[in-house]
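Trainee: Pasting a structure below so you can have a look.
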Amino acid sequence: MSPTPQKAVAPEAKRYETTQTEWDRIAASKEFKDLMATKKMFIVPAFVFFILYYFALPILVGYAPHFMDTKVIGNVNLAYLFALSQFFMAWTIAALYVKAASGFDKLAKDIIEKAENNWGGN
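Residue numbering for the sequence shown follows the working numbering, beginning at 161 and increasing consecutively.
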């Protein structure tokens with residue numbers, strides 16, 4: 161019996177360790193503040209929209225039961241379609257976030273490279 165083949169393992173990437181003072185400088189930089197503001201411009205509206213969308217179902221079922229009981233296809237009513245739509249909405253928001261996050265990653269990489277260059281990193 162032959163031994164199990166071993167997978168090649170990439171060497172660990174060297175990571176630049178920051179001190180608290182260096183981290184404070186990074187966090188105080190214009191680039192870092194811009195990154196946080198950019199993230200906030202996506203995350204806050206997406207969160208608020210989804211919370212409102214999520215809680216619209218129980219509110220509508222509670223306050224407009226006759227409307228939500230409207231039959232759409234056979235015995236399927238608006239309440240069922242709305243509940244199903246929440247899955248699609250969650251996936252849509254997640255996909256939009258993944259797309260936006262690639263831009264956040266580029267900004268973060270630039271901040272890291274600048275910090276490494278300024279404070280003696282690799």
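Note that the Cβ used here is the ideal one computed from N, Cα and C, for glycine as well. Bear in mind the structure is a predicted one, so any value in this text is a computation, not a measurement.
#1: Closest by CA to residue 210, which one among 263, 243 and 266?
#2: Here's a check: name, in chain order, each residue in its chain whose Cβ is nearer than 6 Å to the Cβ of residue 202, leaving out the five neighbours to either side.
#3: Return helix, strand or coil for residue 235, following the three-state DSSP convention.
#4: Rounded to whole angstroms, what's the CA-CA distance from residue 288 to residue 192? Just pull it up for me.
#5: Residue 273 to residue 194, Cα distance in whole Å?
#6: Please say whether residue 241 and residue 232 have beta carbons closer to each other than 7 Å?
#7: Would you check if the distance between the CB atom of residue 217 and the CB atom of residue 230 is smaller than 7 Å?
#8: Taking the beta carbon of residue 187 as the centre, do at least 16 other beta carbons fall within 10 Å, making it buried, or is it exposed?
#9: Suppose you measure from the CA of residue 235 to the CA of residue 224; what does that come to, to the nearest Å?
Mentor: Reading from the atomic positions:
#1: Per the Cα distances, 243.
#2: Around residue 202: 260.
#3: Residue 235: coil per DSSP, three-state reduction.
#4: There is simply no residue 288 to check, as the chain begins at 161 and stops at 282 in what is shown.
#5: For residue 273 and residue 194, the distance between alpha carbons rounds to 16 Å.
#6: Cβ atoms of residue 232 and residue 241: closer than 7 Å.
#7: No, these two residues do not count as a Cβ contact at 7 Å.
#8: So residue 187 ends up on the exposed side.
#9: In this model, residue 235 and residue 224 are separated by some 18 Å (Cα to Cα).
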